[in-house]
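Taking it in order: structure first as structure tokens, then the write-up.
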Amino acid sequence: MLYIKCPHCGMRSQNEFAYGGDATVKRPELNKEISDSEWNNFVYLRKSPRGKHLELWQHISGCRQWIKVERDTLTHEIFKTFKAEE
Amino acid sequence: MQKYSVFSLIKNAFSSHKNWDLAWKDPKPKSEYDVVIIGGGGHGLATAYYLAKEHKITNVAIIEKGWIGGGNVGRNTTIIRSNYMHDENGLFSEFGMNLWRNMSQDLNYNVMFSPRGIINLAHSDAQMNVYSRRGNSMRLNGIDAVLLNREEVKKFIPMADFSENVRFPIFGGLMQPSAGTARHDAVAWGYARQADSMGVDIIQNCEVVGFDVSDGKIKGLRTSKGDIKAKKIGLCVAGSTNILAEKLNMTLPIETHLLQACVSEPIKPILDNVVTFGAGHFYVSQSDKGEMVMGGDLDGYNSYSQRGNLPTLQHVLTEGIAMFPFLSKLKMLRTWGGIMDMSMDGSPIIDKTHIEGLYLNCGWCYGGFKATPASGWTFAHTIAQDRVHELNAGYSLNRFSTGHLIDEKGLGTKTWIS
Numbered sequence: 007m008l009y010i011k012c013p014h015c016g017m018r019s020q021n022e023f024a025y026g027g028d029a030t031v032k033r034p035e036l037n038k039e040i041s042d043s044e045w046n047n048f049v050y051l052r053k054s055p056r057g058k059h060l061e062l063w064q065h066i067s068g069c070r071q072w073i074k075v076e077r078d079t080l081t082h083e084i085f086k087t088f089k090a091e092e
Numbered sequence: 017m018q019k020y021s022v023f024s025l026i027k028n029a030f031s032s033h034k035n036w037d038l039a040w041k042d043p044k045p046k047s048e049y050d051v052v053i054i055g056g057g058g059h060g061l062a063t064a065y066y067l068a069k070e071h072k073i074t075n076v077a078i079i080e081k082g083w084i085g086g087g088n089v090g091r092n093t094t095i096i097r098s099n100y101m102h103d104e105n106g107l108f109s110e111f112g113m114n115l116w117r118n119m120s121q122d123l124n125y126n127v128m129f130s131p132r133g134i135i136n137l138a139h140s141d142a143q144m145n146v147y148s149r150r151g152n153s154m155r156l157n158g159i160d161a162v163l164l165n166r167e168e169v170k171k172f173i174p175m176a177d178f179s180e181n182v183r184f185p186i187f188g189g190l191m192q193p194s195a196g197t198a199r200h201d202a203v204a205w206g207y208a209r210q211a212d213s214m215g216v217d218i219i220q221n222c223e224v225v226g227f228d229v230s231d232g233k234i235k236g237l238r239t240s241k242g243d244i245k246a247k248k249i250g251l252c253v254a255g256s257t258n259i260l261a262e263k264l265n266m267t268l269p270i271e272t273h274l275l276q277a278c279v280s281e282p283i284k285p286i287l288d289n290v291v292t293f294g295a296g297h298f299y300v301s302q303s304d305k306g307e308m309v310m311g312g313d314l315d316g317y318n319s320y321s322q323r324g325n326l327p328t329l330q331h332v333l334t335e336g337i338a339m340f341p342f343l344s345k346l347k348m349l350r351t352w353g354g355i356m357d358m359s360m361d362g363s364p365i366i367d368k369t370h371i372e373g374l375y376l377n378c379g380w381c382y383g384g385f386k387a388t389p390a391s392g393w394t395f396a397h398t399i400a401q402d403r404v405h406e407l408n409a410g411y412s413l414n415r416f417s418t419g420h421l422i423d424e425k426g427l428g429t430k431t432w433i434s
């Protein structure tokens, strides 16, 4: 069981959260010419590192806020959690 | 190589089975090979075997970080099927079914292929329509498919919950009678033994630490047992593809995720077929030893841990008990996890890369084991001929950027959407 410290609600079990994937992926900017390869990078390509991974989770059965979690993908150790905008 | 037969068994019985030959050698790496396959799992071993057998390329090494058969070829739930709707997957998998049917004879190793049939359960009229369409597509590709109504399903699995006041009542199912199971570790040993006998070096406990690439060409690789020159290198490391891709400065349409499975204590024969309860993220078969072999969803977040987490297992088994109430009486014998390459459209990649002489075999998601022979066969072809075979032409690396995704189920890594 993972225990994730929601920055709004405190420590909760993973059952309350939904996973949202890599948080470092940036959507191409609006109102700009965007190439196919930029869309490809954004939609499909992922580094998926072994080790520290910054990722999005949603506290879906709690405050329903999106948060960022820094977690080790090998040991599942959670180093830090942030509000989504931080 | 010593041929395994009833006569060799009797002969060796007279010497108390002390004089059997080693199944494969434990060589030191040479300084140069024509082809190096990275990854001594089912796919890597099969690739080396078909390189030697079909293309007469025998100056080949398999580099394995751990030991052969220690990864997903020994961690899966042994299901073999070709019940796909789209041509890319259906034709590829059905080609593999033919290799499965002859594998024990071909490898002189009993892989215990057991074509016991797979049933995908349906829970609404709409799902029956979808299965009818999928079954018809399968039959057009020469794959056997039978649409079962509720009563016909009941004849196969009378122990399932057929009551009507449940969340997912059984309306019927789609069956592929020729699908089945096989003894997964035997597949690894069989391919390894034959590949070794044709001159392939199987080098275990040898980790790849880097690659030599110059002028856009692969020159060789650096390993924990020294540098090895290679004209061609094939990556067959599902679960660790992203790690090696990083060493090659490549970013791939793949995330690495954890999938769990479990077996119960052995019981007397009760379930003849493989049954999937997709709506409940659960599937089950019964092994020859009598254990109920069960699995379901990914743990749901990026992971390189080969151990699972309880919430997913609890969810999968809750659904399993909903469909097969008798399972609640059983004790769990073992649970385990494996790490999967989850590609973004749920279908694999077998292709050349932008680096000349570097070939990629990855992205197997949930379906790597059944693909072992077809994957090895087509990957060997791709490496030997330096071009993809028509069977794996759809499994291209650039299909994501060109929009030619295989719309088999449209799941990929984003299982949290489903």
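So the sequence lines, in the order shown, correspond to chains A and B. Counting from 1 along the first sequence, just add 6 to a position and that's the residue number in this note's numbering. Counting from 1 along the second sequence, just add 16 to a position and that's the residue number in this note's numbering. Ideal Cβ positions, reconstructed from N, Cα and C, are used throughout, including at glycine.
| request: Check whether the region 193-202 of chain B touches the region 142-154 of chain B, taking contact to mean three or more Cβ pairs, one atom from each stretch, closer than 8 angstroms. | output: no
| message | I need the straight-line Cα distance from L8 (chain A) to A90 (chain A), nearest angstrom please. | response | 19 angstroms
| Just checking my contact of A204 (chain B) with I53 (chain B) at CB under 8 angstroms: how many whole Å lie between their CB atoms? | About 14 angstroms separates the two Cβ atoms, so there is no contact after all.
| Beta-carbon gap between I234 (chain B) and I249 (chain B) smaller than 8 angstroms | yes
| query | Of all the CB atoms in chain A, is at least one closer than 8 angstroms to the CB of M7 (chain B)? | reply | Summary: the structure shown does not reach residue 7 (chain B), with chain B confined to residues 17 through 434, and so no result is reported for it.
| field | E424 (chain B) burial status per 10 Å Cβ neighbour count (16 or more: buried) | value | buried
| said: Can you give me the C-alpha to C-alpha distance between L190 (chain B) and N289 (chain B), rounded to a whole angstrom? | reply: 12 angstroms
| Could you give the distance in angstroms between the alpha-carbon of M17 (chain B) and the alpha-carbon of A211 (chain B)? | 11 angstroms
| field | Whole-number beta carbon distance between I365 (chain B) and L421 (chain B), since they are thought to touch under 8 angstroms | value | Their Cβ separation, rounded to whole angstroms, is 12 angstroms, which puts L421 (chain B) and I365 (chain B) out of contact at 8 angstroms.
| message | Can you pull out the residues from the region 378-392 of chain B whose beta carbon lies closer than 7 angstroms to at least one beta carbon of chain A? | response | none
| task | Using a threshold of 8 angstroms, state whether the C-beta atoms of N165 (chain B) and G188 (chain B) are closer than that. | result | yes
| query | Which residues in the same chain as W36 (chain B) place their Cβ atom closer than 8 angstroms to its Cβ, once the five residues preceding and following it in sequence are excluded? | reply | Q18, N28
| query | Quick one, which residues of the region 312-337 of chain B are near chain A if we go by CB-CB under 8 angstroms, in chain order? | reply | G316, Y317, N318, S319, Y320, S321, N325, L326, P327
| Assuming A24 (chain A) and Q64 (chain A) make a contact with CB atoms under 8 angstroms, what is their CB distance in whole Å? | 5 angstroms
| query | Who are the neighbours of T272 (chain B) on chain A, taking C-beta pairs under 7 angstroms? | reply | S54
| said: Classify K386 (chain B): buried if its beta carbon has 16 or more other beta carbons within 10 angstroms, exposed otherwise. | reply: buried
| task | Answer with yes or no whether the minimum CB distance from S363 (chain B) to chain A is below 8 angstroms. | result | no
| field | Exposed unless 16 or more other CB atoms sit within 10 angstroms - verdict on P285 (chain B) | value | exposed
| message | Do I219 (chain B) and P45 (chain B) have their beta-carbon atoms positioned less than 8 angstroms apart in this structure? | response | yes
| Taking the beta strand (DSSP E) that T292 (chain B) falls in, what are its first and last residues? | 290-293
| said: Going by C-alpha to C-alpha distance, which of B:N181, B:L329, B:M101, B:V127 sits closest to I95 (chain B)? | reply: B:V127
| query | Just how far apart, CA to CA, sit I355 (chain B) and C381 (chain B)? | reply | 9 angstroms
| request: Please check if any C-beta of chain A sits within less than 8 angstroms of the C-beta of R259 (chain B). | output: Sequence inspection shows Ile at residue 259 (chain B); the Arg mentioned does not correspond to that position. Closer than 8 angstroms to some Cβ of chain A, the Cβ of I259 (chain B) qualifies, so yes.
| request: May I ask you to report which of helix, strand or coil DSSP gives R209 (chain B)? | output: helix
| message | Using only the alpha-carbon positions, how far apart do H200 (chain B) and L107 (chain B) sit? | response | 22 angstroms
| query | Nearest CA to the CA of L326 (chain B): which residue from A:M17, A:K11, A:P13, A:N21? | reply | A:N21
| said: Do V291 (chain B) and M310 (chain B) have their beta-carbon atoms positioned less than 8 angstroms apart in this structure? | reply: no
| said: Across the region 173-180 of chain B and the region 113-131 of chain B, are there enough close Cβ pairs to call them in contact, namely three or more that are closer than 8 angstroms? | reply: no
| Inter-residue spacing [alpha-carbon to alpha-carbon] between L343 (chain B) and T257 (chain B) | 36 angstroms
| message | Do L115 (chain B) and A390 (chain B) have their beta-carbon atoms positioned less than 8 angstroms apart in this structure? | response | yes
| message | Quick test of your reading: L80 (chain A) and S240 (chain B), contact by CB under 8 angstroms. State the CB separation rounded to the nearest angstrom. | response | Actually they are not in contact, since the Cβ atoms of L80 (chain A) and S240 (chain B) sit about 19 angstroms apart, beyond 8 angstroms.
| field | C-beta neighbour in chain B for N46 (chain A), strict 8 angstroms | value | yes
| field | Rounded straight-line distance, which links the Cα of G236 (chain B) to that of T87 (chain A) | value | 42 angstroms
| task | Count the C-beta pairs between the region 9-16 of chain A and the region 43-55 of chain A that are closer than 8 angstroms, then say yes if the count reaches three, no if not. | result | no
| message | Does H370 (chain B) pass the burial test, meaning 16 or more other C-beta atoms within 10 Å, or should it be called exposed? | response | exposed
| task | Could I get the ranges of all uninterrupted beta strand (DSSP E) runs contained in the region 142-180 of chain B, with 3 residues as the minimum, in chain order? | result | 162-165
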